[in-house]
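Just below is one structure, and these are the notes that go with it.
In the working numbering, the protein residues as written are 7 to 245.
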């Protein structure tokens, strides 16, 4: 609320007189040091009211900036507004309200774009994990000629898995798509176990390994689909 939009302090007797004047209401700031005598003429759905002062000026005020008793009064006003009694339509709000709405839409669009970008990075990272943990390990286990090479492949897969899990937790904190990222982390751990088992078996023909490979290969696209679905859901809510 703008500090300059409040009326100057007046005596309590005058305050009581103003309360009795028709639709006008005396609003007080939270700290009680300022007050505003005005009539509510419109209610916005975003915790904002449009009021008219006695000098005819119309200003926007945040509901949360008033004392509790005034907020209770405004709740009753909102109830009347829902019934269509005595208020303007939303399109009649002052121009500043439209500017605020456009600004919020622009911010939402920017956040939606950023979220899509992050999700694309998650999917690319997941595919990279698949390539590293499965195809690379399979290549090493099939064509490497000495035991140290196998061990190095397994160590690389372990560190890549740890890095992947930490990265995905960070992404979870940024996007708040926690269930999706938890699934990706599970897939990462399964991929690590698969790589570990495959490298030490040294054979891609191992029956247990092939079953695990099929299971892992199915989980990867499922994880990607869930991440995309969660992202679209968040974008829909933001817009």
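We put the beta carbon where it would ideally sit given N, CA and C, even for glycine. All values reported here derive from a predicted model rather than from experimental measurement.
Write down the C-beta distance between residue 56 and residue 48 rounded to the nearest angstrom, noting that I regard them as a contact closer than 8 Å. 4 Å
Any heavy atom of the ligand NAP closer than 8 Å to the Cβ of residue 38? Among the ligands in the structure shown, none appear at all, so the ligand NAP cannot be discussed.
Could you tell me which of 38, 30, 29 and 130 sits nearest to residue 74, measuring between CA atoms? 38
Delimiting residues of the beta strand (DSSP E) encompassing residue 59: 54-59
Between the CA atoms of residue 46 and residue 29 - distance to the nearest angstrom: 8 Å
Just curious, the beta strand (DSSP E) that residue 40 is in, first and last residue? From DSSP, residue 40 is part of no beta strand (DSSP E); its letter is neither H nor E.
Quick one: Cα of residue 77 to Cα of residue 130, how far? 49 Å
Run through DSSP, which three-state label would residue 34 get? strand
Within the same chain, show all residues whose beta-carbon is closer than 6 Å to that of residue 80, passing over the 5 residues directly before and after it, in chain order. 69
Chain-order list of residues whose beta-carbon lies under 7 Å from that of residue 100 (same chain, five-residue window excluded): Here the model assigns residue 100 a pLDDT of 39, short of 50, so the residue's position is not dependable, and the following value carries that caveat. 56, 64 and 66, listed in sequence order.
Output needed for residue 36: all residues of its chain with C-beta closer than 8 Å, excluding positions within five of it in sequence on either side, in chain order. 71, 72 and 73
Where do the ends of the beta strand (DSSP E) carrying residue 66 lie? 64-68
If the criterion is Cβ atoms closer than 9 Å, does the pair residue 34 and residue 44 meet it? no
Please return the same chain residues whose Cβ sits closer than 8 Å to the Cβ of residue 60, not counting the five positions on each side in sequence. 30, 43 and 44
Have a look at residue 32 and residue 54 and give me their C-alpha separation to the nearest angstrom. 17 Å
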